[in-house]
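**Q**
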């Protein structure tokens, strides 16, 4: 018995001793004889617990502590079962980044969980032959679309984003998603969230050829939130989750797996949706963006569906994760870095002063900084570089892997060892950067004050083949943004920023913080003599402006004092800058007058907000003139007054008579069976598109998943209906891409103008000053594009013109041109006048009438009973065997009344087209001198209660008599004006809109996307015309 016990004790003791020996050996084990010194490893987690014990919030600082403890710049440890080396030495890090045997990437679970099937995908966290092929394709193709190089489109997109950001910070939030990042009451902005859309939108253009407008950017802020959550929830080394992945099944919350997986899937879902949208409109002959180029490779032989294995080529999942590798830094990493720089600037106001002085000297305040200014702004550039150094964004870089057994700094490094570069450590290395913890941009400037790249030894983006592919994009974006914000605002925070509070995840971020951007009005000089001079100049200017803005005697009531330079246009901008016609109504109510007297810079002007007075004005000859507005001149190549709508005098009368007289012969402005047959053909083509879907590449841009884009879907139908009259030909459906492009350009012009011709009409020289230069360039470019399109049609017919054979209206005009040869610069029968004359009719056909229909469709979504009543009327009169015709019009009174009510309640041109008084005259007892501008408040009189009773109600019955018949006597509206300046296209537009409305109601029901709310009818855009924001609508076959 005792012997048995002794043997048992002996075996137990031996087992324990063997186990202890094994544990000691396991803990002390080093993967090579000359492996760098470091802490022992523990079961499962390796040396990771020691890092957590030293500093669990900032593992890169824990690694620095280990360097001090072991008195070594290279620390050897284990992360789970994987050997790793942390390099905390400047020269050694550079060597690692330079040597190809360290270009591998570890197989981290933190990277795998980004993929739907947990496969290794993307560019940043992969290696091997697949990585080389994909990296080469990604970088080369993205480079073609502006990534990593100077590119005018990229810079323009960034400036556009900065302009929107400035407007947000100055004017406060305009859209619901903006309220989460800018406080309406205090104006404080939440950082880094306020910058989420700025950089991602620029990259979005390269990837998808689309850039989201400000009102549509909610999705960018949502993805930015998820991206930031991923960056904050990781850590320098990939979390314990990367070394013990199975822990996610036991502790999904504690291991952060559930959150990380969720935010990645949401971000990937958005990227996948973008890719799918690109594929729907993909045309191999028109590669618009990076995703198009990648889809082309997929079609050439790659698999659309991922195999789920670690080997990968051109496949869908690789596209998604690869795009995420570039988009995620733009969503959150660059904004996070910008937030860190701004905190440093708040803490160092002396630096801000130096930046502002430099900007004022070399850029001024009349425009935003450009990349071309960079060479002249060395201090601003040095500030950005110092910000990148002192708050290293990725403190431990992205881990590398030794791909072979090798040596480093005298130590043996086995194959498969993780190499972690202490970027934050080396960027604070005292022998490389004196006073490393001090924010001192001057460290990067030479004795001559110029930027010295030799002095910048920081490595914020890595180096070698694994250098961050977005370095150039990030540096450019940060420079322009920081310079712009300093130029435009003073920056302040309620609490002083504390770098010790920074968070370390995958990247370094500051905790969310509020920052106040106060608009700069300019620097103030305080010397007594300067103040006296300023007062004297201001007094003289005030006296001059009082004379300049003085209104004529016995002029209609209005503001007594005008805004300097702008006149009363300035007051209107203050009252309602988005809808000037509403500002005029408010001023009229304030002064209790239906005829408002105002000064538009040098133009004495009146606004008539009464139906009876408007009818009088429109029917009196002395009010038939047109003002010489720059908005009209910029449409012409040489800035001459041309066309029909914006000219006056004998030349206008001659041209108007000829154009209307002979267009009428081809069906314009009257019933013409041949033309009605052509319109019927266009409507059948439109119905085919709505019923059967797109057949051609350009149609995919306006129809997705059965929903069509409004008003764009009508562009070709309405444009072709007019071109048939002018040229006798229409564009076939497969060639209508030019019409959709022309329509888009026309809408840009309509939306970028305003009721009164924009400020450019009063001060044309402001087109040279930003941001007015941007509006001018847009208006000018889209005008010239449309002119070129019309001129191409004209020249095609001119080349085959035969004076003895008249084919169309153009031939008749050509004959008149020959009679006027040689042509003069004066306003007569000549090519540039023909181009603008045709444009004056083409423009409202392709953008005006189509927009009126889009406004009506929105109304009908709110009034399904109106749709049902129209459909019943059409079914009873027409049936379904043919399309409605103009002969059916008398029997379709409710359909006609619906169209008329739509034109009343949503007045397309709310202030009409400005008239000019041609001689001294009177109106309603007021004296109006020659050249007074007259603006007809069309929207105001269409909403006068004394005429309409309930003008705010959409009620087609108001135009019907007791018998349900159309009663024209009840229609007091003037959507097309009246008198000699009556819109020449009224009959054409009314006929075409009636036929279109009746055909669509006969064949379809209107349906919104399921996720959409009913359209907000108060959020219309007022430019030259009122328009809805582009929206998607389904025409569901009945």
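In the numbering used here, the protein residues as written are 97 to 1134.
All C-beta atoms, glycine included, are put in the ideal place defined by N, C-alpha and C.
1. Residue 184 by DSSP, collapsed to three states: which one?
2. Report the three-state DSSP secondary structure of residue 524 (helix, strand or coil).
3. Below 8 Å on the Cβ atoms is my guess for residue 855 versus residue 868; work out the distance and round it to an integer in Å.
4. Less than 7 Å separating the beta-carbons of residue 1099 and residue 798?
5. Give the single residue among 1114, 1106, 1115 and 1119 whose Cα lies nearest to the Cα of residue 1128.
6. Reducing DSSP to helix, strand and coil, say where residue 751 ends up.
7. Here's a check: name, in chain order, each residue in its chain whose Cβ is nearer than 7 Å to the Cβ of residue 687, leaving out the five neighbours to either side.
8. Which of the three DSSP states is assigned to residue 896 in this structure?
9. Would you mind working out which of 821, 934 and 277 sits nearest residue 1088, comparing C-alpha positions?
10. Can you have a look at residue 895 and say buried or exposed, based on whether 16 or more other CB atoms are within 10 angstroms of its CB?
11. Where does residue 244 sit, in a helix, a strand or coil, going by DSSP?
12. Could you give the DSSP three-state label for residue 513: helix, strand or coil?
13. If you run the structure through DSSP and keep just helix, strand and coil, what is residue 548?
14. Between the Cα of residue 897 and those of 1002, 490, 757 and 910, spot the shortest distance and give me the residue it belongs to.
15. So within the region 254-314, which uninterrupted alpha helix (DSSP H) runs reach at least 4 residues, ignoring any that extend past its ends?
16. Does the distance from the CB of residue 419 to the CB of residue 304 come in under 7 Å?
17. Where do the N-terminal and C-terminal ends of the alpha helix (DSSP H) with residue 768 fall, by residue?
18. My guess is that residue 555 and residue 327 are in contact by the Cβ rule of under 8 Å, so how many angstroms apart are they, rounded?
19. For residue 342, does the three-state DSSP call read helix, strand or coil?
20. Grab me the residues of residue 451's own chain with a C-beta within less than 7 Å of its C-beta, minus the 5 sequence neighbours each way, in chain order.
21. Whose C-alpha, out of 1063, 417, 732 and 1080, is nearest the C-alpha of residue 993?
22. Count the C-beta pairs between the region 228-246 and the region 282-290 that are closer than 8 Å, then say yes if the count reaches three, no if not.
23. Below 8 Å on the Cβ atoms is my contact criterion, and I expect residue 755 with residue 933 to pass it. Report the Cβ-Cβ distance as a whole number of Å.
24. For residue 667, is the classification buried or exposed, using 16 other Cβ atoms within 10 angstroms of its Cβ as the cut-off for buried?
25. So, at 6 Å on beta carbons, what are the nonlocal neighbours of residue 904 in its own chain, with the 5 sequence-adjacent residues on each side left out?
26. Touching or not, the region 768-783 and the region 733-752, by the rule of three or more beta carbon pairs under 8 Å?
27. Restricting to Cα atoms, I'd like to know which of 289, 1095 and 952 is closest to residue 611.
28. Can you check the region 645-705 for any beta strand (DSSP E) of at least 3 residues that lies completely inside it and give the ranges in chain order?
29. Do residue 849 and residue 1120 have their C-beta atoms closer together than 7 Å?
30. Please report how far the alpha carbon of residue 550 lies from the alpha carbon of residue 206, in whole angstroms.
31. Ignoring anything shorter than 3 residues or poking outside the region 1029-1071, list the beta strand (DSSP E) runs there in chain order.
32. Give me the Cβ distance between residue 339 and residue 144, rounded to the nearest whole Å; I'm assuming they're in contact under 8 Å.
33. Report buried or exposed for residue 597, applying the criterion of at least 16 other Cβ atoms within 10 angstroms of its Cβ.
34. In or out: residue 620 buried (at least 16 other Cβ within 10 Å) or exposed?
35. Specify whether the region 150-157 and the region 490-508 touch according to this definition: at least 3 beta carbon pairs, one from each stretch, less than 8 Å apart.
**A** Walking through what the data contain:
1. coil
2. Reduced to three states, the DSSP call for residue 524 is coil.
3. 7 Å
4. no
5. 1106
6. For residue 751, the secondary structure class from DSSP, reduced to helix, strand or coil, is helix.
7. Here the set comprises 653 and 654.
8. coil
9. 821
10. exposed
11. coil
12. Correct three-state label for residue 513: coil.
13. coil
14. 910
15. 292-304
16. no
17. Here residue 768 belongs to no alpha helix (DSSP H), and DSSP marks it neither H nor E.
18. Not confirmed; about 20 Å, so no contact.
19. coil
20. 475, 476, 479 and 582
21. Closest by alpha carbon: 1063.
22. no
23. 6 Å
24. Buried, by the Cβ-count rule.
25. 823 and 824
26. no
27. When only C-alpha atoms are compared, the closest one is 289.
28. 691-696 and 699-704
29. yes
30. 37 Å
31. Those beta strand (DSSP E) runs which fall completely within the region 1029-1071 and span 3+ residues are 1029-1032.
32. 7 Å
33. exposed
34. In this predicted model, residue 620 has a pLDDT of only 34, less than 50, meaning its place in the structure is not dependable enough to derive any value.
35. Three or more Cβ pairs drawn from the region 150-157 and the region 490-508 lie within less than 8 Å of each other, which places the two stretches in contact.
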